[in-house]
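Written below as structure tokens is the structure these notes are about.
2 protein chains.
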Amino acid sequence: MTSCYQILKLHLRFTKILSFGFVNIVLFLALTSCALAQENNQMVRFAKIKVDPLKLVEYTAALKEQMEMAIRVEQGVLSYQAVADKSDPTNITILEIYADSAAYQTHILTPHFLKYKETVKDMVISLELVDLDVIGFVRKPDH
Amino acid sequence: MTSCYQILKLHLRFTKILSFGFVNIVLFLALTSCALAQENNQMVRFAKIKVDPLKLVEYTAALKEQMEMAIRVEQGVLSYQAVADKSDPTNITILEIYADSAAYQTHILTPHFLKYKETVKDMVISLELVDLDVIGFVRKPDH
């Protein structure tokens, strides 16, 4: 009985390992193909903006309002990360991620984006848009 | 006895409400200051790297290895986002976020970072580090 029980235990253990491995492989393939599909369609880019120093506070407020509204109401706007050079806060860079280029085309016709463009038209000295390919994004799970 | 018991119960209830409120206020203040402290302490920057076109594949592999290892083993490395200009993939930018400058100082002494620096020393044409202030980060909850 004891050896039978041990064989059963071993069998169960191997079944668990095998099924766990199988589930892992299926999950891995599913996640990989999802990630690749998403990566290929996403539109990622930098908006590099030089702001009039006298209008920096108003510009920043308009930018924040636009970003927060777009993330809230537009399905295809995935993330905005806006930063300013410490050495010169009038040099602003936004890392923008859209679900795809159609999402971006939709975005630039929204009332909040048009309002932003109108508000900041005399605040922005220059704007450079740089399309990007992702090499890798990694982050802590809670970050 | 009954009224005494009721007063005691009432007293206990108010004490609970008061202490609950007090605990909440303390928690709120602690969490707010934590969040602010975290924001203020985080070290955010761009690493702008020009890579030798002949060594781009090897460079990218070394960069990914470094990023993935750092995120996995270093508590203070919060995120890396590495991108390349579509028009010129030898222009690479990494948006790096560390918990604080101490976390960064620890990072640059780790074996994986030293290995990366040694591996890429003849692949990198130029490196510019730009310290940044965050204007705003917004993203979809599932992104």
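Those protein sequences? They're chains X and E, same order as listed.
Residue numbers for the first sequence follow the UniProt record's numbering, so the first one is 1 and each next one is one higher.
Residue numbers for the second sequence follow the UniProt record's numbering, so the first one is 1 and each next one is one higher.
Virtual Cβ for every residue (Gly too), placed ideally from N, Cα, C.
Item: How big is the Cα-Cα spacing for LEU36/E and TYR116/X?; Value: Residue confidence is low: LEU36/E scores 40 on pLDDT, short of 50, so the model does not pin down where it sits. No coordinate-derived value is stated.
Item: Is it right to say LEU31/E is buried, meaning 16 or more other beta carbons lie within 10 angstroms of its own, or is it exposed?; Value: Legend: pLDDT at LEU31/E = 43, less than 50; position of this residue unreliable, value from coordinates given subsequently. Result: exposed.
Item: Quick one: any contact between the stretch 124-135 of chain X and the stretch 40-51 of chain X, if contact means 3 or more CB pairs under 8 Å?; Value: yes
Item: Thinking just about the alpha-carbon of each residue, which of THR119/X, PHE137/X, PHE46/X, VAL138/X is nearest to the one in ASN91/X?; Value: PHE46/X
Item: Buried or exposed: which applies to VAL134/E, given that a residue is buried once 16 or more other Cβ atoms fall within 10 Å of its Cβ?; Value: exposed
Item: Quick check on this structure: which residue in PRO141/E, LYS64/E, VAL130/E, GLY136/E has the alpha carbon closest to the alpha carbon of SER87/X?; Value: VAL130/E
Item: Of the residues PRO89/X, MET43/X, TYR59/X, which one's Cα is nearest the Cα of VAL120/X?; Value: TYR59/X
Item: Give me the Cα-Cα distance between MET69/E and ASP85/X, rounded to the nearest whole angstrom.; Value: 28 Å
Item: Going by beta-carbon coordinates alone, are LEU109/X and ARG139/E separated by less than 8 Å?; Value: no
Item: What residue from MET43/X, MET67/X, ASN41/X, LYS55/X has the CA that sits closest to GLY136/E's CA?; Value: MET67/X
Item: Which first and last residues belong to the beta strand (DSSP E) in which SER79/X is found?; Value: 77-85
Item: Tell me, please, whether the CB atom of GLU128/X is closer than 8 Å to any CB atom in chain E?; Value: no
Item: Return yes when the Cβ of ILE97/X is within less than 8 Å of the Cβ of VAL44/X, no when it is not.; Value: yes
Item: In whole angstroms, give me the CA-to-CA distance for GLU65/X and HIS112/X.; Value: 8 Å
Item: Counting along the chain, where does the beta strand (DSSP E) carrying ILE71/X start and finish?; Value: Not the beta strand (DSSP E): ILE71/X falls in the alpha helix (DSSP H), residues 56-73.
Item: What number of angstroms, rounded off, separates the C-alpha of THR106/X from the C-alpha of ARG72/X?; Value: 14 Å
Item: May I ask you to list, following chain order, the residues of the stretch 51-80 of chain E that have a beta carbon less than 7 Å from some beta carbon of chain X?; Value: THR60, LEU63, LYS64, MET67, GLU68, ILE71, LEU78, SER79, TYR80
Item: Measuring straight from C-alpha to C-alpha, what distance separates ALA82/X and TYR104/E?; Value: 21 Å
Item: Have a look at PRO141/X and ASP142/E and give me their C-alpha separation to the nearest angstrom.; Value: 12 Å
Item: Just how far apart, CA to CA, sit GLN42/E and PRO89/X?; Value: 17 Å
Item: On the premise that GLY76/X lies in contact with ALA61/X, defined as a C-beta separation below 8 Å, what is that separation, rounded to the nearest angstrom?; Value: The Cβ separation is near 24 Å, so there is no contact.
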